[in-house]
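Asks:
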């Protein structure tokens, strides 16, 4: 099917800038396009974002399709669907990628069904099969107990990609590319949904069970004051604080921070266990974590059994150092953007 | 206020709360093998979709038809929505439906919904806990040409439209949608209710309706494995390193520096 | 078969008339009744036949009620079974023979075992009508448990004051032969003609000489816990259990007497002016004959020590109800002062109901009197000490005459009622208020919370239970016991006084726990039953006994060796065995054992039983 | 339910369901409150067992509340009930109603544990093929046909490193005594006791039947268990499902070994040791003497009695699935027990059950009494002295 | 349909027959398979009765008397016991399983015991199957 060509990513805008997931998609899309020896396209839909097309090029896009019109200011399934359908039919990309975001998980499947093709959502790995040149779409299934790799023989081949699994490329302001403005021919009767109100909810402190990073303290923390230090690290990592049973019992932290079989069962990306021994009860509560970093002065502590990385030593010495290092790192990352 | 006619799509899945050690993969056949002690349940997202429908019914009155597609559906499991308060249960239970993907499933369900005919709202879970695809809802909407609102957490319906609180990445939107429409429900809707004893007694008296492909006029090439648009080429278990790597260092500073480097290398932070 | 009829109440007058009429009109020579158990109405239908001129033994009953319709769930199965039963009865009745009952003289003497209020009452009833009574009492004096009680509920009159006149009367009645300190050893015979062997234990005091001055008891150096005082007081090794004892003759307790133990002392002998002490006395065996027997052996008192959590015997001031009776009695060891072990008066007292009663682990049944005496205690404690009283009850059962009114009165006196079974009496304190006291732990089930009440004294209302030797006594007299261990009456409603053994009656608490009025009523009833037997002057003996065909008998003597009544004996002349019809009870053992089948068990002949078997197994 | 102002109609259907689920004996209850007053919960908070019985009689059970999950099945109430009501069975029936009908929430932790046991055969959800890992370095063979004894350590010591020591000590003893024994491999499951008490009769039966057939296949004749829970289940519940083997608790077996002079004590343990009677050994099976005799035979050891001992032993709080549920600080029986042991002047609190060990270990840690008292299994103490 | 045995039950007049009556008056339910035969004493039961019952169609025979020591006729039940031993040998010779005949005790107050004995016996005989009758 020679007419389907190029990799198209659907770009999202956050606070007037390209969303992090979009730059990640551009990076990943670039690799796929290179593997195919084809071009990378970026579709930008919205209003008042002229400068961003250039950004997309700086991050690797060869062509940017821009739909820039006031009605497209905010996401609406019917509106966005109709313009993306239009662009897709026009451009006929071989691959279309979305971020696994509120928009991506809404628009992606709709577009796929409308185009009569399939999509894999929430992918963590994408590759081109050398022989068939088909897109290999790998995603976690069964609560990440397994991973499945799919292919699809209809075009375009589509996927949504989980945030933060792909790395953003370095920005290259010197890159050149083509910006193509697309007319949004709006069809009012097609719009059957109307957004009445948009509410941004300030996340004041992330809930333990939702946090991607959890810093958890044990009996060794010794006091409520000690937990303040954990809170600081959690704050920097945009995470939450948890505790094993003794701190809860001793009233250093409220009971709802209990992590363990009998408390919260959590599965963050990163779990930092500080001065906790890791009873089996506790481990059941956190064993779903992707990465467990343990800090404990007892090298025999059970926590090291379940941890990915460990440091043996006194937490009171180690934690401030860690907090500083991470703070530096995060600040650096911000500067990068 | 008029009664709302609702259809809820419920999927039977292996219990997502079963421990990871009960999962194995049969690499030969690219299939998940579960230990016999893992029970089947109604997908938790679907249960929440049902809960959302029940709340609409509580508020406005209405009728809820539950639609389930699968093979080896267990009567005790798929009947649960009835005991929770659904009015009717239709099962698409046939070997021909086996081995489907989001496409063939959405097709079969949309054909069944067409047959049901009268409806104001269709509810699906935002995704199902087994394959986590989240496509069947949008798929049905597309196939039936219905407006779609995904990841809802609150729904009120009436007067030809529904008002939905839809979860977004940084908050929520209040969306008005004309009926009929399809809504996928997010877990933020809250805990699904428990069946009452009365409900269970009542459910025992209701017989599910079973539809075969012919009953819904489905083309055999478009259902089950035959109707798949995707092909699973590989199924594998991510290798979890059992060993803990102890980070050494001559001083606390050095140890932590090494740790952070590791974390960064592994793109954990 | 000539006629079959169906009628709802065959045992009623009109029902019986139907049978009678058919016998007369149709000249029936056999009758089968398919109805209730023969135990209920065999005698009814037999007399129906007799009245209609048919020998009463020509009837057979098929028990299709108690052993068929009432016990079978499946109707069809029940019908099948009923058919089999009826068929068997029909087959069997064919072999029935006309039999004659005979009368033998009835001995008008009566044996009464037990000298408590039940035995005393019955003895007086019978003796007053001029008939001889042997009153056998195991302990040195009659009086029983009632003598130990202080006041009686609900009237609060003094137990001893109402009992002692009756005791004296019984002790001196011309028709009552009082045998105290005696026990029945053997019983043989049957209704109208019992033979009883009684062991009169050695008192070591000559009753004829003793004038009851009491000097011996005063001088005796050996002190022993007094049973009568329920262990709360002491007695001497030579003693009468209490001052009003009847007979007022002391006994020497050989197990504790210094002379018997060590070979010297004999102080009592020295001081006895009447020379009544007789260390050489020995147990005496007396044989008496009686036509009927009343068992009035009373009850035992439950020992609460196994209920460890109540602390009886482990914690001071946890006492049983019987102990409290003695404590509160003005003739008792403290002169009626309610005091703790240290002599002080309690400030608060817990009374725990149902100790050993209504409890699967001990006795299932309700002891019936505890609720009421517990209320009485509350009154006495309040009256004598002013202490707080807590009643721990499960259900208040106040059903006797005047009892509910008594409950109302005591409630009005300011007693605290706590509905809940006590889980623990402990001396482990949780606070200063509890320190050094007994803490009673229970759920107040009306409050729905566990409460701990510190008290100074705990009274355990212990169960009434069958006497320890009830099993042996039942065996001795060949009567049955009910599941709870008490003696079994013939019918729980219509014959609560008789037993399954003809001529043996029961009265008082040996049948079941009961209060004094009920005991007295039952005693009088038993006495009345016996007086009616005596007035008949004769007893009819069953016709269904054994007979030996001397043409077949080889004189081997197997029957004689097996017969529990020695009812067969060798006719020296004919060299065959013969049946003494007055002795034979018709058990059939000899019939089954006779090697040459020379013995017939009338009315249960081999032909009859074989026919029945065949009929049953159609 | 407690405060409903409108009249409540008794629900005969619910009462019938409870009966069906095995709670029919509760009809006998005459509401004396003995159960409430002997229940250890009432030492730390209100738990009106009697009221649950009455509610059960009328069908007015509050299935949503936590009450039906509180019972630690310590059997104190059953032992004392004047009406012979098997209160533990009633509690089990109430839980069954919830688990089988799904009418209310099973406490999260318990629910997950049941799922773990159901799916992997052990409460921690660990891999079945790792069951024997605890003894990897001990040179112990897995049970094979013809071996005299199957030593059954219970899932907890097998999978939870913190109490592994009790099983490892047992192995040391058995080896020194020259006992011909083997340990369970991956085909063996949890005995199912706590699942049954948690109300999941179906899972229990499946586990039991599986174990029974595996044991039969392997020719197991005699099982020595570390846990009184396994012991109780094997001895009293498996036979009804076709189990045909002898079960004996380790403490009994140790006494046998001592009596047969197969254990040679070479070291003294000069410590004051208090023995804690586990509910399932004591009240359920009347085994009070053997563990004490084993301890007393250790040279130098001084046995002290705790205030609540033998048939009045204070439950550690771990039975009836409670070991998988959170018990609030201040409500833990194990804390009270450790206090009792401290007050009795004991240096060591000796245990004969993995649940007790977990709970007491936990109490000593959270109460920070590690410097004052040790929690040791009987097997550890014996192992230390030989 | 499963096999339903017929069981002849000899009962003494004083204890067991009354116990069986008590089961009736208490409305207890038990297996309908039993066929009662009243005798005055278990000591009256001759081995030939039992053999006759088995020949006439019973699959099992139960003899019930008073509890040992409680016999209305002092010791008739002991005699029954001795006869039972004799009978067992006879049954062996006849090739009849000895489990088909059983002697037990029921007092006048033991309605429930009667029920359980009868039910147990029925279950036992049901398991044994029908008695192979001589042709």
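Protein chains in written order, with the numbering used here: chain L, 3 to 339; chain Y, 21 to 289; chain P, -8 to 609; chain W, 26 to 411; chain H, 663 to 797.
All C-beta atoms, glycine included, are put in the ideal place defined by N, C-alpha and C.
Against residue 114 of chain W, what residues of chain L qualify as contacts under a CB-to-CB distance less than 8 Å, listed in chain order?
Replies: Mapped onto the fourth chain, residue 114 of chain W falls at position 89. Going along chain L, no residue has its Cβ under 8 Å from residue 114 of chain W, so there is no contact; the nearest lies around 26 Å.
Asks: Which residues, in chain order, does the region 676 to 689 of chain H contribute to contact with chain P at a C-beta distance below 9 Å?
Replies: Against chain P - using a Cβ distance shorter than 9 Å - the residues of the region 676 to 689 of chain H are 676, 677, 679, 680, 682, 683, 684, 685, 686, 687, 688 and 689.
Asks: So residue 275 of chain W and residue 369 of chain W are supposed to be a Cβ contact under 8 Å. How far apart are they, rounded?
Replies: Against the fourth chain, residue 275 of chain W aligns to sequence position 250. Against the fourth chain, residue 369 of chain W aligns to sequence position 344. Contact flag wrong, Cβ pair sits at about 24 Å.
Asks: Beta carbon of residue 298 of chain P, beta carbon of residue 450 of chain P: below 8 Å?
Replies: Along the third chain, read from residue 1 onward, the residue named residue 298 of chain P stands at position 307. Along the third chain, read from residue 1 onward, the residue named residue 450 of chain P stands at position 459. Not in contact: residue 298 of chain P and residue 450 of chain P (Cβ atoms no closer than 8 Å).
Asks: Spell out whether any CB of chain P is found under 8 Å from the CB atom of residue 318 of chain W.
Replies: Residue mapping note: residue 318 of chain W aligns to position 293 of the fourth chain, counting from 1. Closer than 8 Å: no.
Asks: Is residue 3 of chain P buried or exposed, if buried means 16 or more other CB atoms sit within 10 Å of its CB?
Replies: In the third chain, counting from the first residue as 1, residue 3 of chain P sits at position 12. Exposed.
Asks: Is there a Cβ of chain Y sitting closer than 8 Å to that of residue 73 of chain L, yes or no?
Replies: As a working mapping, residue 73 of chain L is identified with position 71 in the first chain. No, no contact with chain Y.
Asks: Which value, in whole angstroms, describes the spacing of the CA atoms of residue 133 of chain W and residue 270 of chain L?
Replies: On the fourth chain, position 108 is the one that residue 133 of chain W refers to. On the first chain, position 268 is the one that residue 270 of chain L refers to. C-alpha separation (whole angstroms): 19 Å.
Asks: What residues of chain W sit near residue 38 of chain Y, judged by a beta carbon separation below 7 Å?
Replies: To locate residue 38 of chain Y, count along the second chain from 1; it is residue 18. Per Cβ cutoff of 7 Å: 140 and 144.
Asks: Residue 82 of chain W: which of W:211, W:322, W:358 and W:43 sits nearest, CA to CA?
Replies: Taking the first residue of the fourth chain as position 1, residue 82 of chain W is located at position 57. For residue 82 of chain W, the nearest C-alpha among the options comes from W:43.
Asks: Where does residue 396 of chain P land, buried or exposed, given buried means 16+ other C-beta within 10 angstroms?
Replies: Counting from one through the third chain, the residue named residue 396 of chain P turns up at place 405. So residue 396 of chain P counts as exposed.
Asks: So residue 630 of chain H contacts chain P; which residues on that side make the cut at Cβ distance below 7 Å?
Replies: Residue 630 of chain H lies beyond the range of chain H shown here (663 to 797); nothing can be said about it.
Asks: Are the CB atoms of residue 52 of chain Y and residue 32 of chain Y nearer to each other than 8 Å?
Replies: Here residue 52 of chain Y corresponds to residue number 32 of the second chain, with the count starting at 1. Here residue 32 of chain Y corresponds to residue number 12 of the second chain, with the count starting at 1. Not in contact: residue 52 of chain Y and residue 32 of chain Y (Cβ atoms no closer than 8 Å).
Asks: Would DSSP call residue 514 of chain P helix, strand or coil?
Replies: Counting from 1 along the third chain, the entry for residue 514 of chain P is found at position 523. Note: residue 514 of chain P maps to helix in three-state DSSP.
Asks: As a quick exercise: from Y:111, Y:195, Y:289 and Y:73, pick the residue whose alpha carbon is nearest that of residue 232 of chain Y.
Replies: Looking up residue 232 of chain Y in the second chain gives position 212. Of the listed residues, the one whose Cα sits closest to residue 232 of chain Y is Y:111.
Asks: So the candidates are P:393, P:48 and P:68; which of them puts its Cα closest to the Cα of residue 145 of chain P?
Replies: Start at 1 with the first residue of the third chain, and residue 145 of chain P comes out as number 154. Residue P:393 is the option with its Cα nearest to residue 145 of chain P.
Asks: What residues in its chain sit with their C-beta under 7 Å from that of residue 125 of chain Y, if we drop five residues either side in the sequence?
Replies: Sequence index remark: in the second chain, residue 125 of chain Y carries index 105 (1-based). If we look at residue 125 of chain Y and ignore the five residues flanking it on each side, its Cβ neighbours are 89 and 156.
Asks: Strictly under 8 Å for the Cβ-Cβ distance: is residue -6 of chain P near chain W by that measure?
Replies: Here residue -6 of chain P corresponds to residue number 3 of the third chain, with the count starting at 1. False, the Cβ-Cβ gap to chain W never drops below 8 Å.
Asks: By the three-class DSSP mapping on this structure, what secondary structure does residue 11 of chain L have?
Replies: The residue given as residue 11 of chain L occupies position 9 in the first chain. Reduced to three states, the DSSP call for residue 11 of chain L is strand.
Asks: Could you give the C-beta distance for residue 379 of chain L and residue 261 of chain L, rounded to a whole number, given that I count them as a contact under 8 Å?
Replies: Outside the shown range of chain L (3 to 339) lies residue 379 of chain L, about which nothing can therefore be said.
Asks: Give the straight-line distance between the Cα atoms of residue 712 of chain H and residue 765 of chain H, rounded to the nearest whole angstrom.
Replies: Counted from its first residue, the fifth chain places residue 712 of chain H at position 50. Counted from its first residue, the fifth chain places residue 765 of chain H at position 103. Distance from the CA atom of residue 712 of chain H to the CA atom of residue 765 of chain H, rounded to whole angstroms, is 11 Å.
Asks: Quick check on residue 221 of chain Y - is its C-beta less than 8 Å from some C-beta in chain W?
Replies: The residue you call residue 221 of chain Y lines up with position 201 of the second chain. Proximity of residue 221 of chain Y to chain W, defined by a Cβ-Cβ separation below 8 Å, is satisfied.
Asks: Pick from L:275, L:30 and L:227: whose alpha carbon is nearest that of residue 245 of chain L?
Replies: Here residue 245 of chain L corresponds to residue number 243 of the first chain, with the count starting at 1. Cα-wise, what sits closest to residue 245 of chain L is L:275.
Asks: On the DSSP letters alone, give me the boundaries of the beta strand (DSSP E) that residue 361 of chain P sits inside.
Replies: Position 370 of the third chain, counting from 1, holds the residue named residue 361 of chain P. From DSSP, residue 361 of chain P is part of no beta strand (DSSP E) but of the alpha helix (DSSP H) over 361 to 376.
Asks: Report the residue from Y:60, Y:197 and Y:167 whose alpha carbon sits nearest the alpha carbon of residue 30 of chain Y.
Replies: Translated into the one-based positions of the second chain, residue 30 of chain Y becomes position 10. Distance from the Cα of residue 30 of chain Y is smallest, within the candidate group Y:60, Y:197 and Y:167, for Y:60.
Asks: Given residue -6 of chain P, which residues of its chain have a CB within under 8 Å of its CB, disregarding the five upstream and five downstream residues?
Replies: Stepping through the third chain from its first residue, residue -6 of chain P is reached at position 3. Only 13, 17 and 19 meet the Cβ criterion.
Asks: In the DSSP output, which residue or residues are listed as bridge partners for residue 200 of chain L?
Replies: Mapped onto the first chain, residue 200 of chain L falls at position 198. Beta-bridge pairing by DSSP links residue 200 of chain L to Y:193.
Asks: Cα separation between residue 709 of chain H and residue 517 of chain P?
Replies: Indexing the fifth chain from 1 puts residue 709 of chain H at position 47. Indexing the third chain from 1 puts residue 517 of chain P at position 526. Residue 709 of chain H and residue 517 of chain P: Cα-Cα distance of roughly 41 Å.
Asks: Pull up the distance between the alpha-carbon of residue 81 of chain L and that of residue 196 of chain L, whole angstroms please.
Replies: For the purposes of this step, residue 81 of chain L is taken as residue 79 along the first chain, with counting starting at 1. For the purposes of this step, residue 196 of chain L is taken as residue 194 along the first chain, with counting starting at 1. Answer to the nearest angstrom: the Cα atoms are 10 Å apart.
Asks: Are the CB atoms of residue 580 of chain P and residue 553 of chain P within a distance shorter than 8 Å?
Replies: As a first step, residue 553 of chain P must be located in the third chain, where it is residue number 562. As a first step, residue 580 of chain P must be located in the third chain, where it is residue number 589. Yes, the pair counts as a contact, with Cβ atoms nearer than the cut-off.
Asks: Reducing DSSP to helix, strand and coil, say where residue 443 of chain P ends up.
Replies: In the third chain, residue 443 of chain P corresponds to position 452, counting from 1. The answer is strand: DSSP assigns residue 443 of chain P an E or B state.
Asks: Are any of the Cβ atoms in chain Y nearer than 8 Å to that of residue 121 of chain L?
Replies: Here residue 121 of chain L is taken as the residue at index 119 of the first chain, counted from 1. Yes, its Cβ sits closer than 8 Å to a Cβ of chain Y.
Asks: Are the region 476 to 495 of chain P and the region 334 to 352 of chain P touching, with three or more C-beta to C-beta distances below 8 Å?
Replies: no
Asks: Tell me, please, which residues DSSP counts as bridged to residue 610 of chain P.
Replies: No answer is possible for residue 610 of chain P: the residues shown for chain P start at -8 and end at 609.
Asks: What does residue 771 of chain H reach in chain P if we use C-beta pairs closer than 8 Å?
Replies: As a working mapping, residue 771 of chain H is identified with position 109 in the fifth chain. Here the neighbours are 471, 472, 473, 474 and 479.
Asks: Taking Cβ positions, are residue 530 of chain P and residue 183 of chain P nearer each other than 8 Å?
Replies: In the third chain, residue 530 of chain P corresponds to position 539, counting from 1. In the third chain, residue 183 of chain P corresponds to position 192, counting from 1. Yes; because the gap between Cβ atoms is below 8 Å, this pair is in contact.
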